[in-house]
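Quick notes on the structure that follows.
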Amino acid sequence: MSGAPWWLSGVLVDGAYRTLAWVTAVMLPPMAIFFPLFTLLEDSGYLPRVAYNLDKPFQRCNACGKQALTMAMGFGCNAAGIVGCRIIDSKRERLIAMLTNAFVPCNGKFPFILTLASVFFVGTAGGFGESALSAAIVTAAVLLGVGMTFAASKFLSATILRGQPSGFTLELPPYRKPQFGKVIVRSLLDRTLFVLGRAAAVAAPAGAVIWILANVTVDGSSLLSYCTGALDPFAKLLGMDGVILMAFILGLPANEIVIPIIIMCYLSQGSLTELSLPALAQLLGENGWTWRTAVCTMLFSLMHWPCSTSLLTVRKEAGGWKWALAAFLLPTCAGVIGCLAVAQISGLFVA
Numbered sequence: 002m003s004g005a006p007w008w009l010s011g012v013l014v015d016g017a018y019r020t021l022a023w024v025t026a027v028m029l030p031p032m033a034i035f036f037p038l039f040t041l042l043e044d045s046g047y048l049p050r051v052a053y054n055l056d057k058p059f060q061r062c063n064a065c066g067k068q069a070l071t072m073a074m075g076f077g078c079n080a081a082g083i084v085g086c087r088i089i090d091s092k093r094e095r096l097i098a099m100l101t102n103a104f105v106p107c108n109g110k111f112p113f114i115l116t117l118a119s120v121f122f123v124g125t126a127g128g129f130g131e132s133a134l135s136a137a138i139v140t141a142a143v144l145l146g147v148g149m150t151f152a153a154s155k156f157l158s159a160t161i162l163r164g165q166p167s168g169f170t171l172e173l174p175p176y177r178k179p180q181f182g183k184v185i186v187r188s189l190l191d192r193t194l195f196v197l198g199r200a201a202a203v204a205a206p207a208g209a210v211i212w213i214l215a216n217v218t219v220d221g222s223s224l225l226s227y228c229t230g231a232l233d234p235f236a237k238l239l240g241m242d243g244v245i246l247m248a249f250i251l252g253l254p255a256n257e258i259v260i261p262i263i264i265m266c267y268l269s270q271g272s273l274t275e276l277s278l279p280a281l282a283q284l285l286g287e288n289g290w291t292w293r294t295a296v297c298t299m300l301f302s303l304m305h306w307p308c309s310t311s312l313l314t315v316r317k318e319a320g321g322w323k324w325a326l327a328a329f330l331l332p333t334c335a336g337v338i339g340c341l342a343v344a345q346i347s348g349l350f351v352a
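Residues in the sequence shown are numbered consecutively from 2, following the numbering used here.
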C-alpha cells in the first residue's frame, strides 16, 4: 500500500490481512484432510453403526447416540459439529449436543496443546520417544474432553434441559463402496469451505482490532499492555498471567492465533509473529512460565468459550442468543473451575 498512511497500512495489512492469512494457513490443511476422511467413513456406512453402538453410554447421560457423530465431526471443527446436530430428532438432545460440542478439541486446539506439551514435557529435540509422549499427552487431552462432554451432558439433563432420552431410531445402511467424487465435493464445499468462510468473516475484523490494541499507546504503553495488566490478578488465580488470558480473549475468532498473540505480547511487537520451538521455550521461560502454567493453559485451551464461528452457529441453529450465551458459559465455567483447582492445589505442594 505505497503512499497510504502508516496506520492504514498497519490496520489493513499487518492487522486484518495478516490475521486472515494466518487463520487460513493453519485451518485449511487439517480440515482438508479431516473432512474428506470423515465423509468417506460416513459414505461407507460405518459412522451410523458407531452412533448405534454408543447409544447406551449416551443414554446414561439422558442424551442420544447420534451425539457421537457430532462429537466426531467436532474434532475437525466445532462449528461443523454443531451444524451436524441437525441429525438429532429431539430438540432437547440436539441442544445438549450443541452446548457440549466445545469440549471436543478441534483442529485449532490440537497444535496449541501439542506445542506446549513439546516445550514443557517432551523437549524440542525430537525422536520417537518424544513423539510418542506428545501423542500420549494429546490423547489424554482428547479423553478428558470426551469425559467432560459426558459430564456436561449429564449436568444439562439434570438442570436446564431435563428430560428422558428419546427412543433411538436410525436406519443402518449397508456397507458400500464410497463414491469418491461426491465425497470430495461434499467435504470441501459443504464443510471445509463453509467453516473457512465463516472463520474468515470474523478473523479479518479481529485482526484489525488486535493491531489497534497493540499499536495505539497511552502514556508510552499500548492499550494491549493495559488490558493484560488489568487481567493479570485474576489470571494468576488460574495459574496463568494476563497475557495468556488476553490472548484467549483476542483468539475468539480462531484458536489458531492464541500462541502468536502470546508471542506478540511478550516481545512487545505490533503484529502477529511466530518462533521456533527452542526460541519459544526460552521466551516462555523468561516470562515466568512453569510446568504449572503450561498445565493450566492447556486445560483452559481445552475448556473455554467456543470460537466466534461456533457461537454464531449455535445462535442460528438453536434459534436465539440465550443458547449461544449458554454455549459460551458452560465450557468457560468448567475451565475456570478446573484451572483454579489445579493452580491452588499444586500451590500447596510446589512453591
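By construction, the Cβ of each residue, glycine as well, lies at the ideal position given by its N, Cα and C atoms.
Taking the Cβ atom as the reference point for each residue, do residue i and residue j lie within a distance shorter than 8 Å?
i      : j      : result
Met99  : Cys86  : yes
Phe104 : Thr40  : no
Arg316 : Ala325 : yes
Met247 : Thr229 : yes
Pro332 : Met299 : no
Thr310 : Val203 : yes
Leu190 : Thr25  : no
Glu318 : Val123 : no
Ala205 : Ala255 : no
Gly109 : Glu257 : yes
Ala280 : Leu117 : no
Val51  : Ala69  : yes
Gly271 : Gly11  : yes
Ala159 : Leu238 : no
Arg19  : Gly252 : no
Ile262 : Ile211 : yes
Gly240 : Arg293 : yes
Would you mind reading off the limits of the alpha helix (DSSP H) that contains residue i?
i      : result
Phe104 : Element bounds for Phe104: n/a, residue is neither H nor E.
Glu318 : Ser309 to Ala319
Ala295 : Trp292 to Leu303
Phe76  : Neither: Phe76 is in no alpha helix (DSSP H) and is coded neither H nor E.
Phe111 : Phe111 to Ala118
Arg19  : Arg19 to Ser45
Asn54  : Leu48 to Asn54
Lys183 : Phe181 to Val186
Gly243 : Gly243 to Leu251
Tell me whether residue i sits in a helix, a strand or coil according to DSSP, three-state version.
i      : result
Val259 : helix
Cys86  : helix
Arg95  : helix
Ala202 : helix
Trp324 : helix
Gly208 : helix
Thr150 : helix
Leu276 : coil
Trp7   : helix
Lys67  : coil
Lys178 : coil
Arg192 : helix
Ile161 : coil
Gly271 : coil
Pro254 : coil
Leu144 : helix
Gly286 : helix
Can you name the residues that DSSP bridges to residue i?
i      : result
Ser358 : The question about residue 358 has no answer here: the residues shown for the chain are numbered 2 through 352.
Within 10 Å of its beta-carbon, does residue i have 16 or more other beta-carbons around it, so buried, or fewer, so exposed?
i      : result
Cys378 : Because residue 378 is not part of the residues shown, which for the chain are 2 to 352, the question remains open.
Arg61  : exposed
Lys353 : Residue 353 is absent from the structure shown; the chain starts at 2 and stops at 352.
Thr101 : buried
Arg177 : exposed
Leu330 : exposed
Leu349 : exposed
Val259 : buried
Ile264 : buried
Establish whether the CB of residue i and some CB of chain C are separated by less than 8 Å.
i     : result
Gly77 : Chain labels in this structure do not include chain C; a single protein chain is all it has.
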